[in-house]
Every structure is written in structure tokens, then in C-alpha cells.
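Protein chains in written order, with my numbering: chain A, 13 to 356; chain B, 13 to 356; chain C, 13 to 356; chain D, 13 to 356. Even for Gly, the Cβ is constructed at its ideal location relative to N, Cα and C.
Protein chains: 4
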Amino acid sequence: MQLGIVGLGRMGAFMAQRLIRKGHTIVGYVRHAERVQALLKEGSITEGATSLPDLVQKLSTPRAVWLMVPAASVDATLETILPHLAPGDIVIDGGNSYYHDDIRRAAALKSKNIHYVDVGTSGGVWGLERGYCLMIGGEKEVVQHLDPIFSTLAPGVDAAVRTPGREQIGGTAEQGYLHCGPNGAGHFVKMVHNGIEYGVMAAYAEGLNILHHANAGKHQQEIDAETAPLSNPEYYQYDLNLPDIAELWRRGSVIGSWLLDLTAHAMLKNPDLGNFQGRVSDSGEGRWTIAAAIDESVPVPVLSSALFERFSSRDKDEFANRVMSAMRFEFGGHLEKDETPPPA
Amino acid sequence: MQLGIVGLGRMGAFMAQRLIRKGHTIVGYVRHAERVQALLKEGSITEGATSLPDLVQKLSTPRAVWLMVPAASVDATLETILPHLAPGDIVIDGGNSYYHDDIRRAAALKSKNIHYVDVGTSGGVWGLERGYCLMIGGEKEVVQHLDPIFSTLAPGVDAAVRTPGREQIGGTAEQGYLHCGPNGAGHFVKMVHNGIEYGVMAAYAEGLNILHHANAGKHQQEIDAETAPLSNPEYYQYDLNLPDIAELWRRGSVIGSWLLDLTAHAMLKNPDLGNFQGRVSDSGEGRWTIAAAIDESVPVPVLSSALFERFSSRDKDEFANRVMSAMRFEFGGHLEKDETPPPA
Amino acid sequence: MQLGIVGLGRMGAFMAQRLIRKGHTIVGYVRHAERVQALLKEGSITEGATSLPDLVQKLSTPRAVWLMVPAASVDATLETILPHLAPGDIVIDGGNSYYHDDIRRAAALKSKNIHYVDVGTSGGVWGLERGYCLMIGGEKEVVQHLDPIFSTLAPGVDAAVRTPGREQIGGTAEQGYLHCGPNGAGHFVKMVHNGIEYGVMAAYAEGLNILHHANAGKHQQEIDAETAPLSNPEYYQYDLNLPDIAELWRRGSVIGSWLLDLTAHAMLKNPDLGNFQGRVSDSGEGRWTIAAAIDESVPVPVLSSALFERFSSRDKDEFANRVMSAMRFEFGGHLEKDETPPPA
Amino acid sequence: MQLGIVGLGRMGAFMAQRLIRKGHTIVGYVRHAERVQALLKEGSITEGATSLPDLVQKLSTPRAVWLMVPAASVDATLETILPHLAPGDIVIDGGNSYYHDDIRRAAALKSKNIHYVDVGTSGGVWGLERGYCLMIGGEKEVVQHLDPIFSTLAPGVDAAVRTPGREQIGGTAEQGYLHCGPNGAGHFVKMVHNGIEYGVMAAYAEGLNILHHANAGKHQQEIDAETAPLSNPEYYQYDLNLPDIAELWRRGSVIGSWLLDLTAHAMLKNPDLGNFQGRVSDSGEGRWTIAAAIDESVPVPVLSSALFERFSSRDKDEFANRVMSAMRFEFGGHLEKDETPPPA
């Protein structure tokens, strides 16, 4: 079927390509005209638009326009495109919007008889080949209307071993896309998905950090009143090969996962990951996940710890640490120890 | 090759079967004679032993004896078997021993010229078909001598998509087994593996709990000074299908993993997991992981939170909670609210 | 000076009494007429009102009306009282409102030339004697106008040893009240104050729980594959006297505090706190503190852990725990162990 | 009574002075002869010793020797002094020893009929005036024999308001010293005390950090896909006076404490604590507290988070952070954002 796509960065362009390969028609718009030309040339879009109104005009009704823009730009894009849309048209937000915004936008569009669908999209830069996992919120009929798009973007059942018993249940979940509920449900489920992602990433990161320091006993430590000496250096004499261990765990172990696959790949290229500084960004969903948990009174110590580690990686703990050092000086005259971390 | 196995519970019996299928010879011993007979009958062992000395006698030198007994029983088993072993023999501890014990035992056996190999074994009840991920510590030559056993137990390279670039590296890691380092290294790596496992499990569990409570806004709440009202019930109106969502995430998403596969399977059978009480055991490695991290000064907020959630699930937080209620009563006269958790 | 007070529960009545003792005039309103009479009789108010309009009428302009009602009732109270107020009048919210609401309300009132002051009030049921710590947000002149009220409610400088050097700084902070900034600043600071309170309470509660279980080594444990045995029971043979220890720490130690004073008092009356169930409520500020920290990208692992412990104390972790048990069953066939917590 | 003290650093010298002021006789030894002379001159000791044997010789039997040396030096000191002691003599370890070591040492000394007492000592550099909080482990008669020393070092009942009802209980707890139990109990209680201290310190530090960033909305933020924009900058426009707020909370509030007194003092001198880097040491007890909690299966998310924040303040999270950045690059092509923390 025909689909308009607004925003064709890395991820949007790959999604368009995947759709075109399976016979869909994509009208694409992106701000810079030369980029539109490049996309046309590389086959990522079927037709290019010179503006949002132009994009709308090039689509047949009922139109379906997929937005793949930063969360902070969705409202501005909607404002521009809205006057050109007609009743019955569908706007799909496939980015990482906050589900509160979905609920608000869907209500606003509904008053003009325009449908809104929120789609949480996971798959990163790999989705072109792997397919995209789609978490969908919106009206039942509208979601069904878009089924050809969703089923093409999704990985399909062959992407994983079938869960025994699933064959008797049916539904699209095992295809890798799901109508989760009314508006907002798609991004709600995607939000929690990303919250889990933060937690899983941090679990691997912490564990690998323990392995990384498994030779701590080889480093000399002076005895002073400020630092606890490593009382049992004989237990920390291992120089472990982390790229091998990440690879090892990929087969047969309980903790095999796609994130581990990626870690093994990254470590194969750079065993000590020295090409990264360790300043870890976060892009919203992890934060909203904690907010939702708190609203629901659901304890999330692991997911919140994972988020806070990212904040600390960007030195947002600095003032708190100065407070602790100041207290230690006040009660015990403790001076900060200018500890140089041992090479590890 | 020939291998003696002591301890043929669920996991040990499956390992023996996997070895026999690929042509190895297994002499097995387990306390109850009728169990030995049953194992013989089902083809899990090649030959049965009536006692530890009998097992030793039935093996040709240099013997290889694999212990698959609870961590707490390893020392007693060693004490019984040791007098019957000869210099050059090999004892393998394939259970979940603390790596400190490996170091101690290896040193003790070394004085008698008996070799000790510690093998962290992951794979659970699935290993018969999936293979076992083996993390190995010990002397290089001894580990190499046992390679036929390890390579048979391990899943093999086909068990996962090959990491691009791995083909130029070689080694056994991508077969699913690895000589990690000297004695203790195998169980050290397995310990951290399990620590990560706890963290990953908790990340999914917390996230699914948020989804489980996504309909919290549908439940009436009274206004009082003790409880924060849900200020925005309109955002928590979703009745989500968790078995479908767990299935959904298995394909194309960033958080696909074997643990998620298992979760999808469990939820397919029991959508609300009402067949479990939620008293989560822990079996040592998660604790030792935190201890190692602390020795190394490595922060592990996620892994420790995951462990502590298990303790709390078994009500070990009860006295602490009473202390907090007592303080609240003292400063504010707050009485405990006998809150019945809403059906969710 | 004259002050109207709406809401004379435990805390409001004590505040009124403290003001009256120092010569202020209090016009009080509370829903039930008989309660107003009782307050008059016990000297908690100077004059009673039969309705909000009646209260307003009994105050001379510019009026000052202090609201001491649950956070969820402030807007309704404001709506009722507002039509009766005149330009120049002042409304003070002394409860535990969310500071977002202060900003909104102040803006709404400003359009009618009515002033709004938000006052975070700490002191609990002890404030009558101890005084109240007041964190104030609002316009400078308005806050200064109310200074007689604030300085009377506050504890005064003698309530604690003077900080060396403070005498050269001046200001009201060391009196126990402070104009923190524009509207919302008062409740913002109070919010964080309560967030800290949760963290401090949890620190004591966890520590005392460790002491409570210091005799864990005296309890028999069976050996099985599910539970890590206590490997060193000889280190957990202490039957500690917790009421004595709480008392002990009150003098000379680094962790002396008012919360510890209260804990010592509570434990003196009930050494094992068996009069509490350990279902710990939370009333909003702890949650908002985490939300503010996340907005600011500030890591708060301790404050959030303290909040989540309260959620868990009310069994909100139950589904998450069932998920973990389900995973354990799936990969390892582990059954839940029906562990009865040992008497401790 | 007469007491020998080994180790007269800042803390030991102050303890000696406090004892001398109340009429006790102190024989002191410290490695450097000139330091002994200086201590004599300033009145911190009654008599100086030139060596450990000399110290022993100058004491009358049964001798009482108080060790105030780094935990890592206790065993060496004991080894030197032991041959010179006689049956019935008493060695007191007043430092921060691990209680496991107390149990071991007490058993070793017992075989020579020498008594061992472990005393956890809190009070820091303030103890000379404030007194020391003493947590004592050992044999009942031996502890009673030393009562004159303990009661002098302790703050005494007047150091805090009496807990109502305590007068009917008796005992030394409200004097600020307590015989907690057999050997190790003193340092066990002190260990947990310090664990709590870490938690309380972190609670204040995190809360003050939130206040420190309360003006985050004043800083411009660019819109990109990597960083979550501050969606509500209008709520973070407060420039708060932290020294005033720390002072404010000291009176009437629920979170008043000695640690807060110290914080107010530190901030008065350096409002932004710019004289500290924020590399926070830890000296053993915090770590052992977590280890004990884990042995007991007691959840301690707050105390462990506080410890891990110290590790992170010393960059021990670096490799873990690099792992997370590497994963983000692998799945999403995310580059690290070189974020300069805004001035705050």
C-alpha cells in the first residue's frame, strides 16, 4: 500500500527500504531537498516531496502519514501538516514519543476525524534486515487498515524459534507486531521495553566490569586509615579475556541475548572498549518508565539504578560526592585521597 | 573418552546422556542403587557404580571424575574419593562451587599430584538438546586433555549466528566452552554470569510488573492524608496482554533473549503466573558476585538490587519495614494503613 | 497578628495553639461544627467560623488565610474561598502540596491580585513544643508581611547549638524558617526534605534489620541445591539488644539524629516493634523528589531505593517476583521453596 | 585507672586527653620518639614508652592496653606485644577492625589467658569535647573491670535529651557506652553503625544535589535525538541558597541530625564545596556491612547504593559505562555525546 513518511534519517530510510522491497509505495519528505534526491537515488523512497503540503497532496485518501522525527519535533510537524489533511486520514507516530502526548494528540486529531496511531518501533539500525518489533496503540479498525505496513516491517515468525503452544493462540504477536491497546498503549509498551533495555544493559555492564577488575589483587596497595585494603588479593589474580567470555556466553548459557551478541561484536573489535569514554546518554523512555512505575507504586530498583548509572556516567553525581567528602572532613578530618585508579 | 560422574540428578543425567550420544563412556554413581539402575536402563550412563571407591576402580588411569553435587557436598565427596585416586587423576567440579573453594581444593589436591578443574556449567534442564555453556578453570594441559568432553557438552558454533570477524580469531569461545584461566577462573566467570542473570531477570520482572499495573487508574482511590492519590488516572487505563507482549518482544526488538523466550513460554501457559507465589530463592552465586564486586571496589547497583529483591520476596525486609512504620508513628502519629492491594 | 486557619486536624490545631500562646489571633474553620466548638474550648483557636465565607468575613483586610488541608483538597478549598477574598489578601498553603500546583495556583490568584504563599512545614505532632521548620515560597514583601507568624511558629535559634560563624551571616535560617525563593520554592525544598527523610529512615531501618538478624547462625539450615547455606554461622551468633543500641547511638556517635531519638523511644516501648505490620505508606513528596531528580538528571539511588522499599512493603513487587520464579522454573525446573522465615 | 595506649594519632591523642582530664593515668606509645615527647608536653599522655615492651613494663598487672592503630596493623602489633603480656592482662582494640578478626584474635589470646575486648568507637575528631560512643564486645567481667575507662570516654547521659521511660530501665546505653555481647559484638555493632552512616550521608548528599540543580531550567538545551529535553523548564528556575537550607533544617524538622549540623558548618565556609573534588573514600565497615547483610539474607538497597556511589565517585564505574556506550553504538549507531555539564 501507499505510505507517506516524514523524517528519513538512518532509521526512517531503512524502514522505507524494507517496505519498498516488499512492494509498497513510499512518498518521502525530509527538510533538505538534496537528501530527498539521494533517497530517491538509493531506492529508499518511491517518490519525493518538497514540503509537507506537497507530501499530503501526493498521497491518495485515506492518507497514511508515518512520522519518524525526534519526539520534540512531533507537535510542530503535526501543526504544519494538519491543515492539509482530510477526515479519515491517518497519522502514525513511529518515533519515541511520550505516551501522554499520544493521548493528547489522538484526542485533538479525533475532533477533526483524523486518526492517530502510536507505534513504538524497536530494531535500531539493524531493522532493515532483522525487521522491526512494532508496539501499536490506536483504534482497532485503523490499526487493521495498516496491517500490510506493519506485517511487512515486522520480522515475521521465522525470526525466532516458535514458542511451543503458540500455534494454538494465533494473533500477530509472534510475527513481531501487536496492537497493544488504545492510543498511547503502543508507546507505553515501548517505553517499558526501553526501561527493561536499560536494566539489561546495565546488568551486563556491571558484570563485565567485575570481570575487568578480576586482576585487582595484582596491584600494590598501601596501608592507610583511609582505604580498606584488599584483604584477600589472592582471589583477584585473573587476567580474563573479555571478548572471549562475551562470545562464550552466547551459546548454551542462560544469559544469551541480542544485546550480548552486540557486546561480543563490539569487544571483538575493541577488547578494552577504549574507543568509548563512557558518557552514556539516555533519551527519555528510561525516565518515563520510572515515572510510570512510581505512579503505579511499582518498585523498580533495578531499572532506576540503571538510569542513575547513566546520569552518574555524565558526572551528575559530582555535587553529591562533594557533600559526602565535606561531611567526612567535618567529622573525621578526612582529606580526600587522590587515588589514581589502578590500570586494569 | 571415559568419564566418571558423581551426582546424576536432573542436570547430571542429561549431561551424561549428551556425552553417551556422542560416543563417550560414562561410569555413574549416585547414592541410591535403584536410581543407578534406572539411569542404566534409560541410557544415561554406560556403567553403574555401587560406591565411590567402586566408581574409581571402574575407571582407567588417568581417571577423570566429574562431580555434579550440591556445592555444600563437594568437600565431603572429595574426602571420600580422594584416598582411592592416584597421581595424575583429574577431579572436575561441575557444580556451583564458590571459586574460593576451588583455589583451596586445587592446592590441596596438587600436593597429592591430583589435578582439579572447576567448570561453571550453564544450561539448566535444556542442556541435553541445547548444549552446555562451560566456563573452565585449571591447568592448561589438563583442560586440553579433557577437550573431547568439553567440546561434546558445549553447544557448538552453530548454536548462534557467528559474530562477524570471529572466524579470524579462532579458539573455543564460539563453540560455547572456554578455558578462562587458572583454578577458580571457571567458577569466577560462572559466578558473575549468574550475577548478570539475576540482574537481567529482575529487569524483565520489573518491566512486566509496570505493564501488569498499567490499569491502575481504573481502581477507585479514596483521598486521605496517608496515601498519595494517583494524580493522573487517565494515563493508567490499559489492560495489556502480557503473554502477547512477551512473545512480541522476542522478534526484532533490542531486548530479545533466551530468558525472554522462557518468559513468553511460561506466560503462554499461565498468563497471570498465578501458579507461583513469588518467593524467589537464590543459590549463592548472586551473593558471591556482590562480594567480589565490593572487594574490587566495583559499583553494582543493578546486580545488588536484583539480589535484594529476592530477599524481600522472602519477607526478609519485614523488620526494617516495621522500623519505618514505627518512626512514622512517632513523628507524625501515622497509623499503618491496612491497604489491600487492588486486583490487577 | 490575625490569621485564619482552614483545616485544624492534629497538626493544624497544634500550630494554632502555638500562635495563640504567643499572642496571635486565630480564626479557625473546620467542617464539623462540634469540632470548632471543641477547638474553641481547648484554646486552639480564638474564634470559630461556620463556613469558609464566614471565616473570610471575620478577618480584617488584607486577610491572611492559612490552609492546612490534604494536598488533594486544596484546589476545592481555594475554589470555594476565592470569590469571597479581596485584592491584597493572602492565601498560604501550609500542607504538602506538589510545587507544580503552587506555581499554577499562584499564577491564577495573581490575576485577581491575591497573593499566594507556599509553606513546607516540618515538625509533625511535636511542633507545638519543638516549633515548626518552615520552608517558604512567594513574593518577598508578602513573605515579610507574614514574618510575625513564621517567626512564632519556628523553633527559634536556641533549638540547636549555633553553627560557628553563623552569627556573622544573619538571616532567618537559624531561627528555623526561610524564604527559599519564588512560589513553589517552599514546597520544592520541603519535597526534597521529605525525600531525604525517606532515605535516612531507610538507612536506619536496614541497619537495624542487620542487627536484628545477627543471630542467624543459631538457626539450623538444611542443605539443598535451592538455598545458599550460611557458610559461616559462627559469625552470626549475637542476640543484640536493639532498644539499648538505638539509645546508645544517640550520644557521641556520628549518626545521632532526631529520627534516631524517635526510634529509641519506639523500641523502648516495643523492643521488637511487634505492634507494627510493616506496611509503610508514602504520601507524595518522596515520589515527587524522584521525579524532580530525574528531570534534572540527578542520580538518586538511595532516595529511590527508600521509596521502592515502601512499595515492596505493601506487596507491589508481587507480580515481579512471580515472573522471576516462573523464569527459574522454566530454565532450571526450580520449584519455589516454601521457606518459613526463621524466628529472629 | 591506668591504661596503656598504642597509637596516638588525632583520635587516640584526644581520647587520652579526655581520660587524663578525669584523673586516669595514660602510658602512651607511638613509633616516633619525638611524637611521644610532644604528647607528653601537650598533656595527652601521663608517661611515654619507647617501645611496646617498654609500654608493657610500665603498666601494673592486670594490664590494660588499648590499641588505636589502623585495622591492617592490629595483627602485627599484637604479635609484637603478646610475648610481653601476662595471663590476666587485657588487650582492647578500639580501632575499626573487622569483627571476624576479633573472634579469631580473642580465641588466640584466650589460649594464653589474655583477655580481648573489641570496642567500636564513634566520635571522630570531636570526641574530646563531645565524648565517644562506645560499642563493646567481650567477656562480661573484663568489660566491667574497664568500666571506669568506658564511662569516662562516653558522653554521659546529659549529652542528649533523656528518652521518656529510660529512667526505669537503667543500664549504660544512655551514658553512651554499651556491652553489646561476646567478642566481635562491639565491632559488629560499630560496623553496622558505619553502614548506616554511609546511607544517611548519601541521603543528604542526593537531596542537596537535587536542590543544587533546581535551576536546571535556566540552561538552554538543544533538541536532538540523543538527549531527553527538559520538558518542563519552568519548574526548575530556583536559585536556592544551600547553606541557608542546611541551617534551616537543623531546627524543628524531621531530618535534624549531627551530620546535618556538620553539613551546615561546611557549607557556611564553602557554599559550593568547591574545595572538594568529590572522590569519596570508604574504609571497610561499609563493605563489611553489606557482606553481613548478604550472609543474613537481609536486603540493604539503601546502604549498598550509598557504598556504590563512593566507588563511582572514584571512577570505578568507568568500564561498565564504556560497555553501555558500546552497546548503544552497536544497536543504534549512537555516538557518545560530549556533554559538558551545565554550570550549576
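Asked	Found
Determine whether the beta carbon atoms of D/Gly344 and A/Gly219 lie at a separation below 9 Å.	no
List the residues of chain B whose Cβ lies closer than 7 Å to the Cβ of C/Arg30, in chain order.	Simply none; closest approach about 17 Å.
Nearest by alpha-carbon distance to D/Ala98: which of D/Pro74, D/Ala118, D/Arg117 is it?	D/Pro74
Using a beta-carbon distance cut-off of less than 8 Å, what residues from the stretch 331 to 342 of chain B approach chain C?	Phe331, Ala332, Asn333, Arg334, Val335, Met336, Ser337, Ala338, Met339, Arg340, Phe341, Glu342
Leaving aside the five residues before and after C/Tyr216 along the sequence, list all residues of the same chain whose C-beta is less than 7 Å from its C-beta, in chain order.	Leu271, Leu272, Thr275
Anything in chain A within Cβ reach of C/Ser265, meaning under 9 Å, just list it in chain order.	Under the 9 Å cutoff, chain A gives no residues; its nearest Cβ is about 10 Å from C/Ser265.
Determine whether the Cβ of C/Lys152 lies closer than 9 Å to any Cβ atom of chain F.	Looking at the structure shown, chain F is missing, and the protein chains on hand are A, B, C and D.
Measuring only the C-alpha atoms, how far is B/Pro95 from D/Gln69?	53 Å
Considering only the alpha carbon of each residue, which of C/Arg178, C/Leu190, C/Tyr210 lies closest to C/Leu319?	C/Tyr210
Can you have a look at D/Gly35 and say buried or exposed, based on whether 16 or more other CB atoms are within 10 angstroms of its CB?	exposed
Can you find a heavy atom of the ligand FAD that lies under 8 Å from the Cβ of C/Tyr210?	Among the components of this structure there are no ligands whatsoever, and the ligand FAD is therefore not found.
Note down, in chain order, every chain B residue with its Cβ under 7 Å from the Cβ of A/Phe200.	Ala226, Tyr250
Along chain C, which residues have their Cβ under 9 Å away from the Cβ of B/His231?	Near B/His231 there are no residues of chain C at all, since even the closest Cβ is about 13 Å away, more than 9 Å.
DSSP three-state call for B/Trp261: helix, strand or coil?	coil
Could you tell me if B/Arg43 is buried or exposed, where buried requires 16 or more neighbouring beta carbons within 10 angstroms of its beta carbon?	exposed
With DSSP as the reference, label D/Ser325 as helix, strand or coil.	helix
List, in order along the chain, the chain B residues whose C-beta lies closer than 8 Å to that of A/Leu271?	Val266, Ile267, Ser269
Is the beta carbon of C/Asn195 less than 9 Å from the beta carbon of C/Glu151?	yes
Shortest alpha-carbon distance to C/Thr184 belongs to which of D/Leu260, D/Leu347, D/Gly290, D/Gly298?	D/Leu260
C/Asp87 touches chain B at which residues, Cβ-Cβ below 7 Å?	Ordered by position in chain B, no residue passes the 7 Å Cβ test against C/Asp87, which lies about 11 Å from the chain.
Return the Cβ separation of B/Val201 and B/Met147 in integer angstroms, given the expectation that the two are a contact with Cβ distance under 8 Å.	4 Å
By Cβ distance, which residues of its chain are closer than 7 Å to D/Ala226, with the 5 residues on each side in sequence left out?	Tyr248, Tyr250, Leu252
Give me whichever residues DSSP pairs with B/Trp300 in a beta bridge.	The partner list for B/Trp300 (beta bridge, DSSP) is empty, contrary to what the question assumes.
Could you check whether the stretch 332 to 340 of chain D touches the stretch 282 to 294 of chain A, counting it as contact only if at least three pairs of C-beta atoms, one from each stretch, sit closer than 8 Å?	yes
Between the stretch 278 to 289 of chain B and chain A, which residues of the former have a C-beta closer than 9 Å to a C-beta of the latter?	Leu280, Lys281
Can you tell me whether DSSP reads A/Ile181 as helix, strand or coil?	coil
For the stretch 65 to 95 of chain B, which residues have a beta carbon sitting closer than 8 Å to at least one beta carbon of chain A?	none
Please classify D/Arg142: is it buried, with 16 or more other beta-carbons within 10 angstroms of its beta-carbon, or exposed?	buried
Tell me the rounded alpha-carbon separation between B/Val39 and A/Gln29.	58 Å
Do C/Gly149 and D/Cys145 count as a contact pair if the criterion is CB distance below 9 Å?	no
Name the chain B residues whose beta carbon is nearer than 7 Å to that of D/Ile181?	Going along chain B, no residue has its Cβ under 7 Å from D/Ile181, so there is no contact; the nearest lies around 18 Å.
Which residue marks the beginning of the beta strand (DSSP E) containing C/Thr58, and which one marks its end?	Premise fails: C/Thr58 is in no beta strand (DSSP E) and is neither H nor E.
To which residues of the same chain is B/Asp101 closer than 6 Å at the C-beta, ignoring the five residues directly before and after it?	Pro74, Arg75, Ile126
How would you label A/Ser295, buried or exposed, when you count the other beta carbons within 10 angstroms and need 16 or more for buried?	buried
Using a C-beta to C-beta distance shorter than 7 Å, which residues of chain A count as neighbours of C/Asp329?	Pro311
How would you list, in chain order, the residues of chain C whose beta-carbon sits under 9 Å from the beta-carbon of D/Leu190?	Asn253, Asp256, Ile257, Glu259, Leu260
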